[in-house]
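Enquirer: Take this structure, written in structure tokens, and hold onto it; I'll ask about it next.
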Amino acid sequence: MNFEKEISRRRTFGIISHPDAGKTTLTEKLLLFGGAIQEAGAVKSNKIKKSATSDFMEIERQRGISVATSVLAFIYKDKKINILDTPGHKDFAEDTFRTLTAVDSVIVVIDVAKGVEEQTEKLVEVCRMRNIPMIVFINKLDREGKDAFDLLDEVEQKLGLQVTPLSFPIGMGYDFKGIYNIYEKNINLFSGNSKQNIEETIAFDNIDSPELEKIIGEKAAISLRENLELVDGVYPPFEKEAYLNGKLQPVFFGSALNNFGVRELLDCFIEIAPAPRPKMAEERLVKANEKDFSGFVFKIHANMDPKHRDRLAFIKIVSGTFERNTPYLHVRNGKKLKFSSPNAFFAEKKEIVDISFPGDIVGLHDTGNFKIGDSLTNGEELHYKGIPSFSPEHFRYINNADPLKAKQLNKGIDQLMDEGVAQLFTLEMNNRKVIGTVGALQYEVIQYRLEHEYGAKCTYENLPVHKACWVEGNEKDEEFKEFKRVKQKFLARDKHNKLVFLADSQFSLQMTQQKYPNVKLHFTSEYE
Ligand code: GDP
Numbered sequence: 013m014n015f016e017k018e019i020s021r022r023r024t025f026g027i028i029s030h031p032d033a034g035k036t037t038l039t040e041k042l043l044l045f046g047g048a049i050q051e052a053g054a055v056k057s058n059k060i061k062k063s064a065t066s067d068f069m070e071i072e073r074q075r076g077i078s079v080a081t082s083v084l085a086f087i088y089k090d091k092k093i094n095i096l097d098t099p100g101h102k103d104f105a106e107d108t109f110r111t112l113t114a115v116d117s118v119i120v121v122i123d124v125a126k127g128v129e130e131q132t133e134k135l136v137e138v139c140r141m142r143n144i145p146m147i148v149f150i151n152k153l154d155r156e157g158k159d160a161f162d163l164l165d166e167v168e169q170k171l172g173l174q175v176t177p178l179s180f181p182i183g184m185g186y187d188f189k190g191i192y193n194i195y196e197k198n199i200n201l202f203s204g205n206s207k208q209n210i211e212e213t214i215a216f217d218n219i220d221s222p223e224l225e226k227i228i229g230e231k232a233a234i235s236l237r238e239n240l241e242l243v244d245g246v247y248p249p250f251e252k253e254a255y256l257n258g259k260l261q262p263v264f265f266g267s268a269l270n271n272f273g274v275r276e277l278l279d280c281f282i283e284i285a286p287a288p289r290p291k292m293a294e295e296r297l298v299k300a301n302e303k304d305f306s307g308f309v310f311k312i313h314a315n316m317d318p319k320h321r322d323r324l325a326f327i328k329i330v331s332g333t334f335e336r337n338t339p340y341l342h343v344r345n346g347k348k349l350k351f352s353s354p355n356a357f358f359a360e361k362k363e364i365v366d367i368s369f370p371g372d373i374v375g376l377h378d379t380g381n382f383k384i385g386d387s388l389t390n391g392e393e394l395h396y397k398g399i400p401s402f403s404p405e406h407f408r409y410i411n412n413a414d415p416l417k418a419k420q421l422n423k424g425i426d427q428l429m430d431e432g433v434a435q436l437f438t439l440e441m442n443n444r445k446v447i448g449t450v451g452a453l454q455y456e457v458i459q460y461r462l463e464h465e466y467g468a469k470c471t472y473e474n475l476p477v478h479k480a481c482w483v484e485g486n487e488k489d490e491e492f493k494e495f496k497r498v499k500q501k502f503l504a505r506d507k508h509n510k511l512v513f514l515a516d517s518q519f520s521l522q523m524t525q526q527k528y529p530n531v532k533l534h535f536t537s538e539y540e
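The numbering of the sequence shown is our numbering, which starts it at 13 and goes up by one.
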């Protein structure tokens, strides 16, 4: 085994998009190229459908799918590619934010007709804050959509990116003829029924050659030449360094459903996308090629079978190798743990592995030792940064509905919060518990799971909170003391015992900021 080589051949990434832009379809086509699946339709969508709100079995079933598609790995041209699933549904946005801490790059899928949509904006913002390298794939070119240049403008303006197209469409919708690949200098003709075929391309490095007219017709040839000239004049040349630093985002066009433009995307991706990147721990920067193992938990999934209450903790390996039956330090609780059956993930199955490398994800069976954000190492005290909580959108008191089951309820709430299902805030004033979620759907999931997995019953009570802000202040400062006294009713502790201000309206938030300028209010739990 060559350790350095194993690292350099890994590409761990996530695909992000607004629901329906084509993430599942693109994932499936990528897997087809890797030979990881044999036919279209093999990848289940992890979409939580609207109807699920009233049907708990449906939620459970869909959670099952999301375990199955958590990590999809395949080999393509000797590269080991790990796709981490990122739910597009906004109620599960937190899950996606956390998964983004475990990817080394992302592909952003945009619908050519709809352009930049709400979820794309939010997710890209998180990637931008972390300088994650991004490639943009504009999908559904077989349909009528926005003008390519308008769309590129929109991507730049709404997403705050600096783009440069590496391919360019020839026509669109009814007139869609194909794609000119600027990166490889070839033309890919669209036949409209190449659904599963890996299509042929025509090498074409001199765009001024009259051959172009013969291939795509006169009108399309003239317009392509004009467009490419404009691309050349307006957009910066592609530079890998800039892409890797999150400063430049290459754009591809295609149609995932027709498997068109997908190979170009994948071929470019494996060439330019980063191998596992170094990761910042509180103590120091950790490089992938360090000999000692380290990794962190970015996702926890409860067992589908309520009779076995074990869970699967997903660990991203940052450095060194993770080996089966080897004791590792669970940094938060100081215990050494070893794992006899770590799971590795492939497109259609998971299996026990003896050794995994940086960039890989292993699934560890857990009986309640792990929380999201926990670090696991060979012995060094490392705490990985970068799993922030954001302010929830909904807030409700949670009440115990069965006095005999108080213990079960508390245990259940604790474990579900460790999994990251929602956030718990405990009011300073009276210790009442408040559950904050991104979407209303989670309340039903929590209630259902408390009952079925822990035998506890709960009721909820609305709490009119506009936003939760993490408070930073100096204990000795008079202003901070006054803030704490005056706002006592609105103060709570999060699960890490950090102080949180629950503002009941945008107005009161602004007033508070004005009145107590030295008390800093942060919108994420992680601040410098
Ligand atoms: P996701 O929600 O982002 O995972 O989107 P899906 O992959 O489930 O796609 C949403 C819908 O768009 C499905 O009906 C797909 O068949 C369709 N779709 C995906 N890619 C294309 C494409 O290139 N062209 C067209 N016309 N439809 C597409």
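Think of the CB as a built atom: it goes at the ideal place given N, C-alpha and C, for glycine as much as any other residue.
Classify N209 as buried or exposed, calling it buried when 16 or more other Cβ atoms lie within 10 Å of its own Cβ.
Expert: Translated into positions along the sequence shown, residue 209 becomes position 197. Per-residue confidence for N209 stands at a pLDDT of 47, beneath the threshold of 50, marking its modelled position as unreliable; no derived number is given.
Enquirer: Under a Cβ-count criterion, where at least 16 other Cβ atoms within 10 Å of its own Cβ denotes burial, should R408 be classed as buried or exposed?
Expert: As a working mapping, residue 408 is identified with position 396 in the sequence shown. It is buried - the Cβ of R408 has at least 16 other Cβ atoms within 10 Å.
Enquirer: Nearest CA to the CA of D90: which residue from M429, E283, Y472, S306?
Expert: What you label residue 90 is simply residue 78 of the sequence shown in a count that begins at 1. The candidate whose alpha carbon is nearest that of D90 is E283.
Enquirer: Are H377 and D322 close, meaning C-beta to C-beta below 8 Å?
Expert: For the purposes of this step, residue 377 is taken as residue 365 along the sequence shown, with counting starting at 1. For the purposes of this step, residue 322 is taken as residue 310 along the sequence shown, with counting starting at 1. Yes, these two residues count as a Cβ contact at 8 Å.
Enquirer: By how many angstroms is the C-alpha of A325 removed from the C-alpha of A468?
Expert: In the sequence shown, the residue the question calls residue 468 occupies position 456. In the sequence shown, the residue the question calls residue 325 occupies position 313. If you take the alpha carbons of A468 and A325, they lie about 24 Å apart.
Enquirer: Tell me which residue opens and which closes the beta strand (DSSP E) that K348 is part of.
Expert: Residue mapping note: residue 348 aligns to position 336 of the sequence shown, counting from 1. 347-349 is the span of the beta strand (DSSP E), which, as asked, contains K348.
Enquirer: Of all the alpha helix (DSSP H) runs that stay within the bounds of the segment 196-269, which reach a length of 4 or more residues?
Expert: If we require 4 residues or more, the alpha helix (DSSP H) runs fully inside the segment 196-269 come out as 223-228, 230-246, 252-256.
Enquirer: Tell me, which residues are paired with Q435 by DSSP?
Expert: Residue 435 sits at position 423 when you count from the first residue of the sequence shown. Paired residues: G448.
Enquirer: Smallest Cα separation from I312: which of V450, L297, G375?
Expert: Numbered from 1 along the sequence shown, position 300 holds the residue referred to as residue 312. The shortest C-alpha separation from I312 is found at G375.
Enquirer: Buried or exposed: where does K419 fall if 16 or more other Cβ atoms within 10 Å of its Cβ makes it buried?
Expert: What you label residue 419 is simply residue 407 of the sequence shown in a count that begins at 1. Exposed, by the Cβ-count rule.
Enquirer: Can you list, in chain order, the residues of its chain whose CB lies under 6 Å from that of V263, leaving out five sequence neighbours each side?
Expert: Residue mapping note: residue 263 aligns to position 251 of the sequence shown, counting from 1. V148, V175, P177, listed in sequence order.
Enquirer: With a threshold of 7 Å, establish whether the CB of K35 neighbours any heavy atom of the ligand GDP.
Expert: On the sequence shown, position 23 is the one that residue 35 refers to. Checking every heavy atom of the ligand GDP against the Cβ of K35, one is found closer than 7 Å.
Enquirer: Is there a Cβ from chain B that is less than 8 Å from the Cβ of E168?
Expert: The displayed structure is made up of one protein chain only, and chain B is not part of it.
Enquirer: In the structure shown, what three-state DSSP assignment does V138 receive?
Expert: Counting from one through the sequence shown, the residue named residue 138 turns up at place 126. Helix.
Enquirer: Could you pull out every residue in the same chain whose Cβ sits closer than 6 Å to the Cβ of S520, ignoring the five residues on either side in sequence?
Expert: Sequence index remark: in the sequence shown, residue 520 carries index 508 (1-based). Counting only Cβ-Cβ distances below 6 Å, and skipping sequence neighbours, we find nothing.
Enquirer: So, for V371: in the same chain, excluding its five sequence neighbours on each side, which residues have a beta-carbon less than 6 Å away from its beta-carbon?
Expert: Walking along the sequence shown from the start, residue 371 turns up at place 359. For the sequence presented, residue 371 should be read as Gly rather than Val. Closer than 6 Å at Cβ, skipping near neighbours: R22, T24, P288.
Enquirer: Assign E325 to one of three DSSP states: helix, strand, or coil.
Expert: What you label residue 325 is simply residue 313 of the sequence shown in a count that begins at 1. A small fix is needed here, since residue 325 is Ala in this sequence, not Glu. If DSSP states are grouped into helix, strand and coil, A325 belongs with the strands.
Enquirer: Rounded to whole angstroms, what's the CA-CA distance from V136 to K417? Just pull it up for me.
Expert: Residue numbering aside, residue 136 sits at position 124 when the sequence shown is read from its first letter. Residue numbering aside, residue 417 sits at position 405 when the sequence shown is read from its first letter. In a straight line, the C-alpha of V136 is about 43 Å away from that of K417.
Enquirer: Say yes only if the C-beta of A232 is nearer than 7 Å to one or more non-hydrogen atoms of the ligand GDP, and no if none qualify.
Expert: By 1-based counting over the sequence shown, the position of residue 232 is 220. A232 Cβ: outside cutoff for every heavy atom of the ligand GDP.
Enquirer: Run through the segment 88-158 for me and flag every whole beta strand (DSSP E) of 3 or more residues, listed as ranges in chain order.
Expert: As far as the segment 88-158 is concerned, its whole beta strand (DSSP E) runs of at least 3 residues are 91-96, 117-123, 146-151.
Enquirer: In whole angstroms, give me the CA-to-CA distance for L256 and Y88.
Expert: What you label residue 256 is simply residue 244 of the sequence shown in a count that begins at 1. What you label residue 88 is simply residue 76 of the sequence shown in a count that begins at 1. Taking the straight line from one Cα to the other gives about 21 Å.
Enquirer: Can you check which of these residues, E440, I447, N422, K423, is closest to A434 by C-alpha distance?
Expert: Residue numbering aside, residue 434 sits at position 422 when the sequence shown is read from its first letter. Among E440, I447, N422, K423, the Cα nearest to that of A434 belongs to I447.
Enquirer: Would you tell me roughly how many angstroms separate the C-alpha atoms of K207 and L269, rounded to the nearest one?
Expert: Walking along the sequence shown from the start, residue 207 turns up at place 195. Walking along the sequence shown from the start, residue 269 turns up at place 257. Any answer about K207 is weak, because its pLDDT of 46 lies below 50 and its placement is not dependable; what the coordinates show is given next. If I take the Cα positions, the gap works out to 7 Å.
Enquirer: Just to confirm the assignment: which complete beta strand (DSSP E) runs, minimum length 3, are found wholly within the segment 442-486?
Expert: You should have 445-449, 470-474, 479-484.
Enquirer: If you measure between the beta carbons of G34 and V121, is that distance less than 8 Å?
Expert: As a working note, residue 34 is residue 22 in the sequence shown. As a working note, residue 121 is residue 109 in the sequence shown. It is a contact, given that the beta carbons lie within the stated cut-off.
Enquirer: Quick one: what's got a C-beta closer than 7 Å to R155's C-beta in the same chain, skipping five residues either side?
Expert: The count along the sequence shown starts at 1 and reaches residue 155 at position 143. Answer for R155: V124, A125, G185, listed in chain order.
Enquirer: Which stretch, first to last residue, makes up the alpha helix (DSSP H) that contains N530?
Expert: Working through the sequence shown from its first residue, we reach residue 530 at position 518. Here N530 belongs to no alpha helix (DSSP H), and DSSP marks it neither H nor E.
Enquirer: Candidates G380, L44, Y396, G172: which alpha carbon is nearest D426's?
Expert: Translated into the one-based positions of the sequence shown, residue 426 becomes position 414. Checking every option, the nearest Cα to that of D426 belongs to G380.
Enquirer: Give the secondary structure of M292 by DSSP, where H, G and I count as helix, E and B as strand, and everything else as coil.
Expert: On the sequence shown, position 280 is the one that residue 292 refers to. Here M292 sits in strand by DSSP.
Enquirer: Quick check on the burial criterion: 16 or more other C-beta atoms within 10 angstroms. Buried or exposed for E106?
Expert: In the sequence shown, counting from the first residue as 1, residue 106 sits at position 94. Looking at its Cβ environment, which holds 16 or more other Cβ atoms inside 10 Å, E106 is buried.
Enquirer: Less than 8 Å separating the beta-carbons of A215 and E225?
Expert: To locate residue 215, count along the sequence shown from 1; it is residue 203. To locate residue 225, count along the sequence shown from 1; it is residue 213. Not closer than 8 Å, so no.
Enquirer: Hey, could you find the ends of the alpha helix (DSSP H) R22 is sitting in?
Expert: Your numbering for residue 22 matches position 10 in the sequence shown. Unbroken run through R22 is the beta strand (DSSP E), 22-29; no alpha helix (DSSP H).
Enquirer: Quick check: what's the CA-CA separation for K189 versus A160?
Expert: As a position in the sequence shown, residue 189 is number 177, starting the count at 1. As a position in the sequence shown, residue 160 is number 148, starting the count at 1. Answer to the nearest angstrom: the Cα atoms are 14 Å apart.
Enquirer: On the premise that M429 lies in contact with Q500, defined as a C-beta separation below 8 Å, what is that separation, rounded to the nearest angstrom?
Expert: As a working note, residue 500 is residue 488 in the sequence shown. As a working note, residue 429 is residue 417 in the sequence shown. That belief does not hold up - the Cβ atoms of Q500 and M429 are roughly 24 Å apart, past 8 Å.
Enquirer: In this structure, does DSSP put D32 in helix, strand or coil?
Expert: Taking the sequence shown and counting its residues from 1, one reaches residue 32 at position 20. It is coil, neither helix nor strand.
Enquirer: Say the cut is 7 Å; is the CB of S29 nearer than that to a heavy atom of the ligand GDP?
Expert: For the purposes of this step, residue 29 is taken as the residue at position 17 of the sequence shown. Yes, the ligand GDP has a heavy atom inside 7 Å of this Cβ.
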